[in-house]
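Novice: Have a look at the structure that comes next, please.
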Amino acid sequence: MDSASLYLFWTFGVFAVLIFIAGCYCILLSYNLIRVLIGVELLIKAVTLLLIVAGHLSGHPALAQALVITLIVIEAVFITVAVGVVQGIHRINGSLNTRLLKELKG
Amino acid sequence: MVSLFILAPLLAIFALNFMFRRLGRFAAFWVGLLFSLAQIELVLLPRLPFWTNSNFILNDVFRFSLGVDNFTKLILLSSGVVLAVVFVITKALIDDEAKRFDFFNLLFIIMIGINGVALTKDLFSLYVFIEVTSITSFILIAFDRNMHAFEAAFKYIMLSALASVLMLSGMSLLLLVCGATGFSAVAQSLAASPNNFTVFAVGLFLCGLFIKSGLAPFHTWLPDSYSSAPAPVSVLLAGIVTKTAGVYALMRVVVSIFGFSPSMKLVLLFVGAFSAVLGALAALTQSDIKRMLAYSSISQVGYIVLGLGSGSALGVAGAALHLFNHSVFKSLLFVNAAAVETQSGTRDLDKMSGLAQKMPYTGITSCLASLSAAGLPPLAGFWSKLMIIMALWGAGFRMYSVIAAATGVLTLAYFLSLQRRAFFGEVSEKHLGVKEAGLGLVLPSVVLGALVVLTGVLTPFILKSVILPLGNILGG
Amino acid sequence: MQLNIFILICLLAASVWTVMTRSLLRSAIGLALVSAILTILMFNLNSPIAGVFELSVCAGLISVLFISTISLMEALTMKEVIDRMKERLRRFWLLPFIVISAGIMLSLFSLKFNLSLPLPEEQMDVRFVLWHARQLDVFAQVVILLAGVFGVVVLFAERKKEG
């Protein structure tokens, strides 16, 4: 790969890492369980971006798109189940505070 | 015809759910048991036409690229055993028919996921099937819908999502370099041009797999999930899900794709030793029986990775054998824990004592499993631990070999503590009325106990013919 | 390329806004916005079909799921909400600085990789690849959707006791 493509990948890669940082920040510092899930969603978006860029720059856009389509389906089901668990917690406790999840000790 | 392993359970789900209610619910247990036993039988009897027949009708419709080797067969065997056990104890433990039917459906999906992980030849398909098992595990952990279950499920969801993101980013970097995701294609590209970029990609992918396997320092989800899940789910998770979707995937990826570079071996040895020691030390301090078993799982998985990290054929074969042994004896221990919990009503080790007099089968099989885990001859665990320790010594990693042996002593210590507190001694007053658990729990524990003894006794005879080739076929 | 960098900056700004905004509903809308911008990026990067999937599923289905969940939950009392919002900025003001400084640091890295990348070009259609080469993934998608269905049944349904 010539240096122009490498420069391209580096640019996209840096932005993906920054979105990853934003997502991690959201997960670690939120008080609300739903915001934690939004942070996870941001992480998955960053990875989707990386996959598409890798596919584009390596000359295999078709394969990357196939992978991304599967990933999007997985992500949708994952979020559904996670929201189900969060709703269950809410139904029992009446609140979505992350500090509630401290019952089970290490 | 190998694709039947993943197609048959799907057909079963459709058939059972579209039948009449009563018939479907009644049939689900028997169909599930039949499939698991069929899986065991197919692996043990070398029916060549099944494994190599490519004139199968469905192969024209479904063009799956699935690969089978001895390691795959080992996983199929252990998953068949554990799934059969889980089907039986679910029938005994869950009384509500509708809930039980949902549970069986989810078990069929996990069967597809585990078989898919074992059979696939592609990195991304490996990831997708790992996700199938993970998502189904979230649902199963949260099955009882109480607060502890939801909390454990949520922690597992968080760490699993992080692991998935790490695996996918490693995979995208590998896609950039190799242009494909099949095992052989990636292995060829990695061998052709090693540089720091690919090392970073491989590292990311491995970190994701470490989290899924429950290795320290990424193990925090494991004790909560194993202890707060309903009893059949604990058996399932400890016996097969973490082993396949985590440890087997790690072993397959390291052996078949990434290869044993010196830095890879050091990373595996360090992580393995850390997990083994941490798990053993933490298990000593627990008073909840299921949590102690969960930390013990972390320790034993550390052993498996230590064997893998030695890099020699003997080490890899020992790791594979220990994976099978651990599936068997850990499932047995969790079945015993379920029996103790249902009969005595508590999971707290300090509150029980002398149960062996009231629950003889549970006591004896639990003793067998503990001794196998601690590595006493002639039980199965002895052989696999011996192979790992010898492989480490022979590969020059003397210090790790000593650590492994020392952890064996710690393992013996906490299991003896478990046995003494729960089973030996005088029966406490509140447990005077305790009876042996029902047939649904005793039968699987007796079968698993017999398997532990049988594997231990047979190992020296089949060592040359069956077990050592496991290491060689993997190119270790 | 300049256009792509501009879109990337918009993407980053939208995600930072999603994390930092006070109201939960705006956060969910921000997530939909991130998905939409990602779709535009995908169209520019020669991946239109994946872009369409991303738009319809993530910016559509998942955002609807989040917004319906948020509206269905009376999570906190009013007073708690106001207290929480006041000190929210105190926790989250650090994020833009972290992002910008990390961005500057990373972009100053000089690239020293000698990547010898054998990259055979191929001109295949996504639909062909998905249907013929990656059938196992399609099968696994069906299984995952089934798992999702059972998950919804187990986690959400209120079961009546059978007599």
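Residue numbers (the working numbering), protein chains in the order written: chain A, 76 to 181; chain B, 17 to 492; chain C, 309 to 471. Think of the CB as a built atom: it goes at the ideal place given N, C-alpha and C, for glycine as much as any other residue.
In chain order, what residues of the region 345-356 of chain C put their CB closer than 8 Å to some CB of chain A?
Specialist: Residues passing the 8 Å Cβ filter: Leu346, Leu349, Met350, Leu353, Asn354 and Ser355.
Novice: Run down chain C in chain order and give the residues with a C-beta less than 9 Å from the C-beta of A:Asn168.
Specialist: As a working mapping, residue 168 of chain A is identified with position 93 in the first sequence. Going along chain C, no residue has its Cβ under 9 Å from A:Asn168, so there is no contact; the nearest lies around 10 Å.
Novice: Assuming B:Lys306 and B:Ala355 make a contact with CB atoms under 8 Å, what is their CB distance in whole Å?
Specialist: What you label residue 306 of chain B is simply residue 290 of the second sequence in a count that begins at 1. What you label residue 355 of chain B is simply residue 339 of the second sequence in a count that begins at 1. B:Lys306 to B:Ala355, Cβ: 12 Å. No contact.
Novice: Under the DSSP definition of a beta bridge, which residues are partnered with A:Asn172?
Specialist: Against the first sequence, residue 172 of chain A aligns to sequence position 97. Answer is A:Asn107.
Novice: Entirely within the region 109-177 of chain B and at least 4 residues each: give me those alpha helix (DSSP H) ranges in chain order.
Specialist: 113-135 and 139-157, all fully within the region 109-177 of chain B.
Novice: Is B:Gly323 helix, strand or coil by DSSP?
Specialist: For this step, residue 323 of chain B is matched to residue 307 along the second sequence. Helix.
Novice: Taking only beta-carbon atoms, is A:Phe90 less than 8 Å away from chain B?
Specialist: One-based indexing of the first sequence puts residue 90 of chain A at position 15. A:Phe90 does not count as touching chain B.
Novice: Taking the alpha-carbon of C:Ile452 as reference, which of A:Tyr100, A:Gln162 and A:Ile147 has the nearest alpha-carbon?
Specialist: Locating residue 452 of chain C in the third sequence gives position 144, where the first residue counts as 1. When only C-alpha atoms are compared, the closest one is A:Ile147.
Novice: Starting from the beta carbon of B:Val144, find every residue of chain C whose beta carbon is closer than 7 Å, and list them in chain order.
Specialist: Working through the second sequence from its first residue, we reach residue 144 of chain B at position 128. What B:Val144 touches in chain C: Asp445 and Ala448.
Novice: Would you check if there are 3 or more beta carbon pairs closer than 8 Å linking the region 115-125 of chain B to the region 265-285 of chain B?
Specialist: Result no; under three Cβ-Cβ pairs closer than 8 Å.
Novice: Does DSSP classify B:Leu82 as helix, strand or coil?
Specialist: Counting from one through the second sequence, the residue named residue 82 of chain B turns up at place 66. B:Leu82 falls in the strand class under three-state DSSP.
Novice: Under 8 Å, with one C-beta from each stretch per pair, do the region 156-170 of chain B and the region 42-50 of chain B reach the 3-pair mark?
Specialist: No, the region 156-170 of chain B does not touch the region 42-50 of chain B.
Novice: DSSP on A:Gly181, reduced to helix/strand/coil?
Specialist: The residue given as residue 181 of chain A occupies position 106 in the first sequence. Note that A:Gly181 scores a pLDDT of 48, beneath 50, so its modelled location is shaky; the value from the coordinates is reported in the next line. In the structure shown, A:Gly181 sits in coil (DSSP, three-state: anything other than H, G, I, E or B).
Novice: Flag C:Phe361 as yes if its beta-carbon sits less than 8 Å from any beta-carbon of chain A, otherwise no.
Specialist: Numbered from 1 along the third sequence, position 53 holds the residue referred to as residue 361 of chain C. Output row for C:Phe361: interface = yes.
Novice: Using the Cβ count rule (16 or more neighbours within 10 Å means buried), how would you classify B:Gly492?
Specialist: Counted from its first residue, the second sequence places residue 492 of chain B at position 476. Caution applies to B:Gly492, whose pLDDT of 32 falls short of 50 and renders its modelled position unreliable; the value that the coordinates give is listed next. The residue is buried, with at least 16 neighbouring Cβ atoms inside 10 Å.
Novice: On the criterion of 16 or more Cβ atoms from any shown chain inside 10 Å, does B:Val144 qualify as buried, or is it exposed?
Specialist: For this step, residue 144 of chain B is matched to residue 128 along the second sequence. With 16 or more other Cβ atoms within 10 Å, it is buried.
Novice: Identify, in the order they occur along the chain, each residue of the same chain with its Cβ nearer than 6 Å to the Cβ of C:Glu470, setting aside the five sequence neighbours on each side.
Specialist: Taking the first residue of the third sequence as position 1, residue 470 of chain C is located at position 162. Residue placement at C:Glu470 cannot be trusted, given a pLDDT of 41 that sits under 50; what the coordinates show is reported in the next sentence. Closer than 6 Å at Cβ, skipping near neighbours: no residue.
Novice: Nearest by alpha-carbon distance to B:Arg37: which of B:Gly96, B:Ala134 and B:Asp118 is it?
Specialist: By one-based count along the second sequence, residue 37 of chain B stands at place 21. For B:Arg37, the nearest C-alpha among the options comes from B:Asp118.
Novice: Would you grab the beta carbon distance between B:Gly496 and B:Met415 for me? Rounded to a whole angstrom, and I think it's under 8 Å.
Specialist: Since the displayed chain B opens at 17 and closes at 492, residue 496 of chain B lies outside it and no answer follows.
Novice: State the start and end residues of the unbroken alpha helix (DSSP H) segment that holds B:Tyr526.
Specialist: Only positions 17 to 492 of chain B appear in the structure, and residue 526 of chain B is not among them; the question remains open.
Novice: If you pair each beta-carbon of the region 160-171 of chain A with each one of the region 23-36 of chain B, do three or more pairs fall below 8 Å?
Specialist: No: fewer than three Cβ pairs fall under 8 Å.
Novice: Comparing C-alpha positions only, which one of A:Cys101, A:Ile164, A:Leu104 and A:Gln140 sits nearest to C:Thr377?
Specialist: Within the third sequence, residue 377 of chain C is the residue found at index 69, counting from 1. It is A:Ile164 whose Cα lies nearest to the Cα of C:Thr377.
Novice: Tell me which residues share the same chain as B:Ala420 and place their Cβ nearer than 8 Å to its Cβ, disregarding the 5 neighbours each side in the sequence.
Specialist: Locating residue 420 of chain B in the second sequence gives position 404, where the first residue counts as 1. Excluding sequence neighbours, B:Ala420 sits near Ala289, Ala292, Tyr319, Leu322, Lys401, Ile404, Ile405 and Leu408.
Novice: For B:Gly275, which three-state DSSP category applies?
Specialist: For this step, residue 275 of chain B is matched to residue 259 along the second sequence. B:Gly275 falls in the coil class under three-state DSSP.
Novice: Identify which residue in B:Thr68, B:Val104 and B:Ala329 has its Cα closest to the Cα of B:Val463.
Specialist: Working through the second sequence from its first residue, we reach residue 463 of chain B at position 447. Nearest option by C-alpha distance: B:Val104.
Novice: What does B:Glu147 reach in chain C if we use C-beta pairs closer than 9 Å?
Specialist: The count along the second sequence starts at 1 and reaches residue 147 of chain B at position 131. Simply Ala448 and Ile452.
Novice: Kindly say whether A:Ala139, judged by its beta-carbon, lies nearer than 8 Å to any beta-carbon of chain B.
Specialist: Counting from one through the first sequence, the residue named residue 139 of chain A turns up at place 64. Judged by the 8 Å Cβ criterion, A:Ala139 is in contact with chain B.
Novice: For C:Arg398, tell me which candidate among C:Met328, C:Ile345, C:Met309 and C:Leu319 has the shortest Cα-Cα distance.
Specialist: By one-based count along the third sequence, residue 398 of chain C stands at place 90. C:Arg398 has its Cα closest to that of C:Met328, out of C:Met328, C:Ile345, C:Met309 and C:Leu319.
Novice: What are the uninterrupted segments assigned as alpha helix (DSSP H) that are 4 or more residues long and contained completely in the region 302-382 of chain B, given in chain order?
Specialist: Runs found: 305-325, 329-360 and 371-374.
Novice: With 16 as the cutoff for other CB atoms within 10 Å, does C:Ala448 come out buried or exposed?
Specialist: Locating residue 448 of chain C in the third sequence gives position 140, where the first residue counts as 1. When all chains shown are included, C:Ala448 counts as buried.
Novice: Using a C-beta cutoff of 8 Å, does C:Phe464 count as contacting chain B?
Specialist: Looking up residue 464 of chain C in the third sequence gives position 156. It does not: the Cβ of C:Phe464 has no partner Cβ on chain B nearer than 8 Å.
Novice: Going by DSSP in three states, B:Gly391 sits in which element: helix, strand or coil?
Specialist: In the second sequence, counting from the first residue as 1, residue 391 of chain B sits at position 375. Three-state DSSP puts B:Gly391 in coil, outside helix and strand.
Novice: At which residue ranges does the region 192-246 of chain B contain complete alpha helix (DSSP H) runs of 4 or more residues, listed in the order of the chain?
Specialist: Counting whole runs of 4 or more residues, the region 192-246 of chain B contains the alpha helix (DSSP H) stretches 199-208, 212-229 and 237-244.
Novice: Between C:Ile357, C:Ala340, C:Asp445 and C:Leu454, which has its C-alpha nearest C:Val372's C-alpha?
Specialist: Here residue 372 of chain C corresponds to residue number 64 of the third sequence, with the count starting at 1. Here the closest residue by C-alpha is C:Ala340.
Novice: How would you write the range of the alpha helix (DSSP H) that C:Val342 sits in, first residue to last?
Specialist: For the purposes of this step, residue 342 of chain C is taken as residue 34 along the third sequence, with counting starting at 1. Segment Leu332 to Asn352, the alpha helix (DSSP H) holding C:Val342.
Novice: Can you give me the Cβ contacts of B:Ser313 inside the same chain, cut-off strictly under 8 Å, excluding the 5 residues immediately before and after it?
Specialist: Mapped onto the second sequence, residue 313 of chain B falls at position 297. Closer than 8 Å at the Cβ level, and outside the excluded window around B:Ser313, lie Gly230, Leu238, Tyr242, Ala254, Thr258, Gly295, His342 and Lys346.
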